[in-house]
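Letter by letter, the sequence shown follows residues 1 to 484 in UniProt numbering.
Don't be surprised by glycine CBs; every beta carbon is placed ideally from N, CA and C.
Scroll down for the structure; my scribbles are underneath it.
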Amino acid sequence: MTENLNLWFDPEKCLIAGKWISCASGDSLPLMNPSNGERIGAIARGRASDIDAAVAAAHEARKGDWGRTTAAERGRFLFRLGKLVEDRIEDLARIEALDVGKPLKQARNDAVALVRYLEFYGGAADKLHGETIPYLEGYTVYTLREPFGVTGHIVPWNYPMQIIGRSVGAALAVGNACVLKPAEDACLTALAFADLAREAGLPEGALNVVPGLGSEAGAALTAHPNVQHISFTGSVATGVQVQMAAARNVVPVTLELGGKSPQIFFEDGDLEAALPFLVNAGIQNAGQTCSASSRILVQRSRLAEVAERMAEKYRALKVGPALADLDVGPLISAKQQGIVSSFLDRGADLEKVAEGRFLDAPGEGNYVKPTLFAGVDPSHVLARDEIFGPVQVIIPFDTEDEATAIANGTDYGLVASIWTRDGARQMRMAKKIRTGQVFINNYGAGGGVELPFGGMGKSGHGREKGFEALYGFTSLKTVAAYHG
Ligand code: NDP
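Here's what the structure looks like:
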């Protein structure tokens, strides 16, 4: 049955200069429901000329009302927007479930997180300031934190609401004007967000949204000579293209490119406490999470016990349509289903310990069974490459040094967790692990918007979330006044 989206905005339009308009070509792209493969609507197919118009509108906003706002006014705007989002949490969750295939409770969490980002950056807007610097006799020196101007935001399909919150929320808080290119497979909550921003009173042009293909609208935005900062979340391959395009204009980029994040379980670890994290961090959002924990490193004396307890959980996992609100929904697209299935094929030589089960998962949907492998060598492709599906590998280790080497042995470095009761080991490991976030006896810390987030190695560079994002979306100016 085709589900009704019940949208209060027209999904086939772009938001440019505060107005919903058709893209220049009038072309559209189909919207598919990942849970059953049915077409549920269409979105605009914006191209370079629409990006040109959006960037021009953003510059006008900076010269006009938006550029004149005080930090306190921007904070109040973000609070108003946060309240409007909060009033629509159920609508947004349902739209996301249908568009992206996320089980409802997970989609609801994303909407709640979006509210938190808006509250956090609303509260922070008027608390960001420069410094005075003691200097030579006769000088007064201080720094100013200024917005870049126009910021471009390329958002992927896995967590649209959260990523819009952390990037657009922070960029607006410090006074940038934004051009947002959502992923073609996940545009609807971006458009809903933009409509709510209008309702909250955002001056026209301060936020512009141009849906379309990454290779068209996305590439045009990242190469645009009048964009002063690019924020990108997605694959390493596209991240490299984005950085190269931005480099031609000498424009800074923030890249968040995923990972192969380990949880390291030592022999003195508390398995009852760890178990939900060990599994959930791998299967949440069907494993399509940049910070998914796809590697579970277990000290050999606890290996059999951890594998069996995780297997019990896997066997209980139910997979089905997003609106059925089970443990795991479909993958975003047939393409992603193909990528994950091919990884599963390449794991045919591994010991498959357990898998989840389908529950009313239509054959036309993009489903794969969550799968747990054990006894995996760190050199195996499933232990090295980002899979972006509900697949985890258990890797044995003997010593702390070996665990460290395996944990640091991939190209990535986004997140890691350490499960041990030994305080000295906790501190040692936290220093030795090469990732942007380390969790001790937890994983993800509830995803707090306050916690700076970003990668090392091929997981990217730059930091989002927390106050760090505000520094990242500003340019620092030093003023040295000589007064004798
Ligand atoms: P991409 O990196 O290609 O897509 C991410 C975003 O970039 C989307 O908004 C996409 O738009 C846009 N984009 C694509 N090409 C360009 C370009 N040339 N210039 C500017 N923007 C562009 O990832 P995929 O969606 O193809 O997913 C492939 C793999 O990437 C996944 O299997 C996963 O491993 C990884 N990934 C990681 C994410 C993370 O959170 N770190 C998020 C998503 C994917 P559009 O979708 O419209 O083409």
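Identified DSSP bridge partners for residue i
i, result
"Leu-372", "Ala-354 and Gln-392"
"Phe-439", "Ser-417"
"Cys-14", "Ile-21"
"Phe-397", "Gln-299"
"Val-179", "Gly-152 and Asn-208"
"Met-161", "None, per the DSSP bridge assignment."
"Ser-475", "Glu-146"
"Leu-451", "Looking at the DSSP assignment, Leu-451 forms no beta bridge with any residue, so it has no partner."
"Ser-482", "The amino acid at residue 482 is misidentified as Ser; the sequence shows Tyr. For Tyr-482, which the question treats as bridged, DSSP gives the partners Tyr-139."
"Val-328", "Val-319"
"Glu-464", "Phe-453"
Delimiting residues of the alpha helix (DSSP H) encompassing residue i
i, result
"Met-456", "First-last for Met-456: undefined, no H or E at that position."
"Ser-49", "48–63"
"Thr-404", "400–407"
"Ser-342", "334–346"
"Leu-382", "381–384"
Alpha-carbon to alpha-carbon, residue j and residue i
i, j, result
"Leu-257", "Ser-459", "5 Å"
"Ile-406", "Ser-293", "14 Å"
"Lys-181", "Tyr-139", "45 Å"
"Met-1", "Gly-37", "In this predicted model, Met-1 has a pLDDT of only 44, less than 50, meaning its place in the structure is not dependable enough to derive any value."
"Leu-15", "Gln-241", "26 Å"
"Tyr-412", "Ala-274", "23 Å"
"Ser-333", "Tyr-142", "51 Å"
"Lys-432", "Ala-173", "35 Å"
"Asn-4", "Gln-426", "50 Å"
"residue 486", "Lys-369", "The question about residue 486 has no answer, for the chain in this structure spans 1 to 484."
"Leu-7", "Arg-300", "53 Å"
"Ile-394", "Asn-226", "47 Å"
"Glu-464", "Val-251", "17 Å"
"Val-150", "Lys-260", "33 Å"
"Thr-222", "Ala-374", "41 Å"
"Phe-277", "Ala-58", "42 Å"
"Thr-238", "Phe-473", "21 Å"
"Met-298", "Ala-281", "According to the sequence displayed, residue 298 carries Val and not Met. When rounded, the distance between both Cα atoms is 16 Å."
"Val-210", "Arg-62", "18 Å"
"Ser-417", "His-483", "53 Å"
"Arg-198", "Trp-20", "10 Å"
"Ala-361", "Ala-56", "46 Å"
"Ala-469", "Asp-270", "34 Å"
"Gly-41", "Lys-13", "12 Å"
"Asp-110", "Leu-196", "16 Å"
"Leu-324", "Ile-89", "Here residue 324 is Ala; the residue named in the question, Leu, does not match the sequence. In a straight line, the C-alpha of Ala-324 is about 18 Å away from that of Ile-89."
"Val-10", "Ala-311", "The amino acid occupying residue 10 in the given sequence is Asp; Val does not appear at that position. Going from the Cα of Asp-10 to the Cα of Ala-311 covers about 45 Å."
"Ala-307", "Leu-372", "9 Å"
"Ala-24", "Gly-320", "39 Å"
"Gly-101", "Phe-388", "14 Å"
"Ala-124", "Gly-75", "7 Å"
"Pro-378", "Ile-296", "11 Å"
"Ala-383", "Pro-390", "13 Å"
"Lys-318", "Glu-119", "34 Å"
"Asn-158", "Gly-201", "28 Å"
"Glu-400", "Leu-414", "20 Å"
Segment limits, beta strand (DSSP E) that includes residue i
i, result
"Lys-432", "Taken as a continuous stretch (DSSP letters only), Lys-432 belongs to no beta strand (DSSP E), being part of the alpha helix (DSSP H) at 423–432."
"Gly-41", "39–44"
"Ser-28", "28–32"
Distance cut-off 7 Å: residue i Cβ against heavy atoms of the ligand GTP
i, result
"Ile-51", "This structure lacks the ligand GTP; its bound ligands are the ligand NDP."
What are the start and end residues of each continuous alpha helix (DSSP H) run of 4 or more residues lying completely inside the stretch 185–244, in chain order? 188–199 and 219–222
Can you give, in chain order, each stretch of the alpha helix (DSSP H) that sits fully within the stretch 250–324 and has at least 4 residues? 271–283 and 303–315
At 4 residues or longer, what runs of the alpha helix (DSSP H) sit wholly inside the stretch 86–155? 89–100 and 104–124
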